[in-house]
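All residue numbers in the sequence shown are consecutive under the UniProt record's numbering, ending with 147. In what follows, a single structure is set out as structure tokens and then discussed.
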Amino acid sequence: LDVATLNCDSPTDLCPSLGTHRVPGGMTIPPAASQTSQEPQDITVHYSITNKLQGIPFHCSISVTVPGGSTLLQVLERAEKEDPENFSFKTEQTSWGPMVVSIHGLAANDNDRTYWQFRSSGKPLDQGVGTYKPHSGEHIQAVFSTY
């Protein structure tokens, strides 16, 4: 770039030590922008379901691998795909997004005031399954609970 004459067609690289290069049309591309974008790195999420309230108690656990940035709903879908007998689930669409209403054949019930509560490190999640994004190594628990 010749600032005095605003000449952008300088024949030399502006900063060879940084690895910049020119593309047709004279535009200079920095190295980060010229590299192909990479897919999100996969993460492993530990997921368990627990019922101690109704019928026969059960506890099942699985570890699933999903792309980084996946939602909890995608984790549940992967768990169901890998082990449908134990991790089948159903959702209902609400104005706040998808809500899990049944896991392992056990459905939430307004009359019994039961629902599936999702926790991480023993604490209830403050987001729904459609928006919460687990991190690698996180243990998500779905616990059949009362309100």
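Note that the Cβ used here is the ideal one computed from N, Cα and C, for glycine as well. Here the structure is a predicted model, which means the values were calculated and not measured.
Reducing DSSP to helix, strand and coil, say where residue i ends up.
i           : result
K52         : coil
residue 159 : Any property of residue 159 remains undetermined from this structure, which presents the chain solely from 1 to 147.
P57         : coil
Y47         : strand
N7          : For N7, the predicted model reports a pLDDT of 49, less than 50, meaning its position is unreliable and no value from the coordinates is stated.
Just the C-alpha distance for residue i and residue j, rounded to the nearest angstrom, thanks.
i           : j    : result
S34         : R78  : Any reading at S34 must be qualified, since the residue scores a pLDDT of 44, below 50, and its modelled position is unreliable; the value itself is stated next. Taking the straight line from one Cα to the other gives about 34 angstroms.
P105        : K90  : According to the sequence provided, residue 105 is Gly. The question's Pro does not apply to it. Near 9 angstroms, if we compare the C-alpha coordinates of K90 and G105.
residue 170 : S102 : The structure shown does not extend to residue 170, since the chain is modelled only from 1 through 147, so no value can be given for it.
Q58         : F87  : Note on identity: in this sequence residue 58 is Phe, with Gln being the wrong assignment. If you take the alpha carbons of F58 and F87, they lie about 12 angstroms apart.
G141        : Y47  : What sits at residue 141 in the sequence shown is Gln, not Gly. Their Cα atoms are separated by approximately 6 angstroms.
V64         : I43  : 8 angstroms
V100        : T50  : 14 angstroms
G55         : I62  : 22 angstroms
E39         : L53  : 42 angstroms
S120        : Q127 : 11 angstroms
L125        : V143 : 12 angstroms
E92         : P98  : 6 angstroms
E80         : C60  : 12 angstroms
E138        : P67  : 14 angstroms
T114        : A107 : 8 angstroms
residue 196 : G122 : A question about residue 196 goes unanswered here, because the residues of the chain that appear run from 1 up to 147.
T146        : F118 : 13 angstroms
On the DSSP bridge list, what partners appear for residue i?
i   : result
P67 : D42
Practice task
Check whether the segment 111 to 131 touches the segment 72 to 92, counting contact only when three or more Cβ pairs, one atom from each stretch, lie closer than 8 angstroms.
Solution key: Under the Cβ criterion (8 angstroms, minimum of three pairs), the segment 111 to 131 counts as touching the segment 72 to 92.
Problem - Length at least 3, wholly inside the UniProt domain "Transcobalamin-like C-terminal" (69 to 141): the beta strand (DSSP E) runs in chain order - result: Counting only runs of 3 or more, we get 89 to 94, 97 to 103 and 114 to 120.
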